[in-house]
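K.L.:
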Amino acid sequence: MSSRPAPVIPYFMAMKDLHPEPGLYVTATPIGNLADITYRAVEILKKADLILCEDTRQTAKLCAAYGVDTHRAPYHDHNAARVRPEIIKKLQDGAVICLVSDAGTPLISDPGYKLVRDAREAGVAVFPLPGPSAAIAALSAAGAPSDQFLFAGFLPAKQGARGKALEKIAHVDATLIFYETAPRLGDALSAMKAVLGDRKAVVARELTKLHEEFRTGTLSELAGVYDAAQPKGEIVIIVFPPEEKAADASDIDAFLKAALDESSVREAAAAAAETFSIPRKEAYARALQLKGAG
2 MSSRPAPVIP
12 YFMAMKDLHP
22 EPGLYVTATP
32 IGNLADITYR
42 AVEILKKADL
52 ILCEDTRQTA
62 KLCAAYGVDT
72 HRAPYHDHNA
82 ARVRPEIIKK
92 LQDGAVICLV
102 SDAGTPLISD
112 PGYKLVRDAR
122 EAGVAVFPLP
132 GPSAAIAALS
142 AAGAPSDQFL
152 FAGFLPAKQG
162 ARGKALEKIA
172 HVDATLIFYE
182 TAPRLGDALS
192 AMKAVLGDRK
202 AVVARELTKL
212 HEEFRTGTLS
222 ELAGVYDAAQ
232 PKGEIVIIVF
242 PPEEKAADAS
252 DIDAFLKAAL
262 DESSVREAAA
272 AAAETFSIPR
282 KEAYARALQL
292 KGAG
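Under my numbering, read the sequence shown as residues 2 to 295, first letter to last.
#1: Under 8 Å between the Cβ atoms of residue 98 and residue 40?
#2: Would you call the CB atoms of residue 208 and residue 32 closer than 8 Å?
#3: To which residues of the same chain is residue 104 closer than 8 Å at the C-beta, ignoring the five residues directly before and after it?
#4: Between the region 273-280 and the region 254-262, are three or more C-beta pairs nearer than 8 Å?
#5: Where does residue 201 sit, in a helix, a strand or coil, going by DSSP?
#6: Quick check: the region 208-220 against the region 174-184, are at least 3 beta-carbon pairs closer than 8 Å?
#7: For residue 26, report the span of its beta strand (DSSP E) as first-last.
#8: Do the region 143-151 and the region 41-61 make contact, defined as three or more Cβ pairs closer than 8 Å?
#9: Relative to the C-alpha of residue 266, which residue among 120, 199, 252 and 293 is closest?
#10: Is it buried or exposed for residue 114, if we count other Cβ within 10 angstroms and need 16 for buried?
#11: Taking the alpha carbon of residue 252 as the point to measure from, which residue in 222, 244, 153 and 287 has its own alpha carbon closest?
#12: Could you check the C-alpha separation between residue 101 and residue 121 for me, to the nearest Å?
#13: What would DSSP say about residue 1, mapped onto helix, strand or coil?
#14: In angstroms with no decimal places, state the Cα-to-Cα distance between residue 2 and residue 64.
#15: Identify which residue in 52, 80 and 81 has its Cα closest to the Cα of residue 69.
#16: Using 8 Å as the cut-off, can you tell me whether the region 162-175 makes contact with the region 184-200, which would need three or more C-beta pairs spanning the two stretches below that distance?
#17: When the distance is taken between beta carbons, is residue 73 closer than 8 Å to residue 54?
#18: Which whole-angstrom value describes the C-beta separation of residue 125 and residue 92, a residue pair presumed to lie in contact below a C-beta threshold of 8 Å?
#19: Excluding the 5 residues preceding and the 5 following residue 78 in the sequence, name in chain order all residues of the same chain whose CB lies nearer than 8 Å to its CB.
#20: Once DSSP output is grouped into helix, strand and coil, what is the label at residue 98?
#21: Determine whether the beta carbon atoms of residue 143 and residue 203 lie at a separation below 8 Å.
#22: For residue 373, does the three-state DSSP call read helix, strand or coil?
#23: Could you pull out every residue in the same chain whose Cβ sits closer than 7 Å to the Cβ of residue 184, ignoring the five residues on either side in sequence?
#24: Bridge partners of residue 206, per DSSP?
#25: Check this for me: beta carbons of residue 123 and residue 88, under 8 Å apart or not?
#26: Starting from residue 180 and walking both ways along the beta strand (DSSP E), at which residues does that stretch end?
#27: For residue 156, list the residues DSSP reports as bridge partners.
#28: Can you tell me which of the three DSSP states residue 39 falls into?
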């Protein structure tokens, strides 16, 4: 039986990572596949004085996989206010502390931002150890426009509050990213369809795990699928931006009339063609008609 060789630490790791400076290290951990962690994160987890965990039992699995025996302590919504001053004191005294969530990048729909805020206000150095994020992983493989996107996190569980939250972002001209739980998935997709319209969307489930799934359809189609059969696992919903409406003739005419007051027919037509994504010949012909009628 062959033994597994010890991981080789890349020569290009900076010396400050091999001997980490005192401070708070916001440490991204795998979202499913335990191999998705950086060499740098593993090394600093090993050398830290303390690892703050959303759930110490969950983090214990990762630590066991990589031989990390650093002391772990809970830091979550229920104890954060009580233990935060003590953590800040340790950091001020020169401790190296890693903050992790159950999966992914801390502070992304997980507790932690108040600790980072208070650490910075106390003059403590805060270092990001980048890595997996379910939102970015889903976006990267969903086929949705990624030049502009809004991460909206988890929607409220109650129907009224959920609708209001969706109304606030309904007119955002960007891809929308949500996290959702399996039991609420069908209801959430139906609410999105009602408020956002029947947009194209992707449900990404169990990312980086054995049963990883990307399912594409309209919001109504996806709602029907997951109403009929509740899925398992962690879920990201990607909603495409609203589709651009075809240019209305009255809007084009109003634009051309205003442009013709200050520009030539050719210039007004060029501006209209660019603004409304219509053929330049069409815009020029209409501009001539309006100019003659005027």
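Glycine included, C-beta positions come from ideal geometry on N, C-alpha and C. Predicted model, so just to flag it, every value in this text is computed and none were measured.
P.N.:
Walking through what the data contain:
#1: Going by C-beta atoms, residue 98 is not nearer than 8 Å to residue 40.
#2: Yes, these two residues count as a Cβ contact at 8 Å.
#3: Residues of the same chain with a CB within less than 8 Å of the CB of residue 104, apart from the 5 flanking positions on each side, are 30, 31, 32, 33, 59, 133, 135 and 235 in chain order.
#4: Contact holds between the region 273-280 and the region 254-262, because three or more Cβ pairs, one in each stretch, are under 8 Å apart.
#5: Strand at residue 201.
#6: Touching, no, given that fewer than three Cβ pairs across the two stretches are closer than 8 Å.
#7: Residue 26: member of the beta strand (DSSP E) spanning 24-28, first to last residue.
#8: Cβ pair count under 8 Å is below three, so no.
#9: The option with the nearest alpha carbon to residue 266 is 293.
#10: It is exposed - the Cβ of residue 114 has fewer than 16 other Cβ atoms within 10 Å.
#11: Closest option to residue 252, Cα to Cα, is 287.
#12: Going from the Cα of residue 101 to the Cα of residue 121 covers about 18 Å.
#13: Here the chain comprises residues numbered 2 to 295, so residue 1 is not present and cannot be evaluated.
#14: Low confidence applies to residue 2: its pLDDT is 48, below 50, so where it sits in the model is not reliable, and the reading given next is rough at best. Rounded to whole angstroms, residue 2 to residue 64 spans 24 Å at the Cα level.
#15: Taking only the C-alpha atoms, the option nearest residue 69 is 52.
#16: Yes: the two stretches touch, three or more of their Cβ pairs being nearer than 8 Å.
#17: It is a contact, given that the beta carbons lie within the stated cut-off.
#18: Confirmed, about 4 Å.
#19: For residue 78, where only same-chain residues beyond five positions count, the Cβ hits under 8 Å are 112.
#20: It is a strand residue.
#21: Taking 8 Å as the cut-off, the beta carbon of residue 143 is found closer than this to the beta carbon of residue 203.
#22: For the chain, the structure presents residues 2 to 295; residue 373 sits outside this window and is missing.
#23: The answer, listed in chain order, is 231.
#24: DSSP, once it has assigned bridges, lists 214 and 236 as partnering residue 206.
#25: The criterion of a C-beta distance shorter than 8 Å is not satisfied by residue 123 and residue 88.
#26: It spans 176-181 - the beta strand (DSSP E) in which residue 180 sits, taken as one unbroken run.
#27: DSSP output for residue 156 lists no bridge partner at all.
#28: In the structure shown, residue 39 sits in coil (DSSP, three-state: anything other than H, G, I, E or B).
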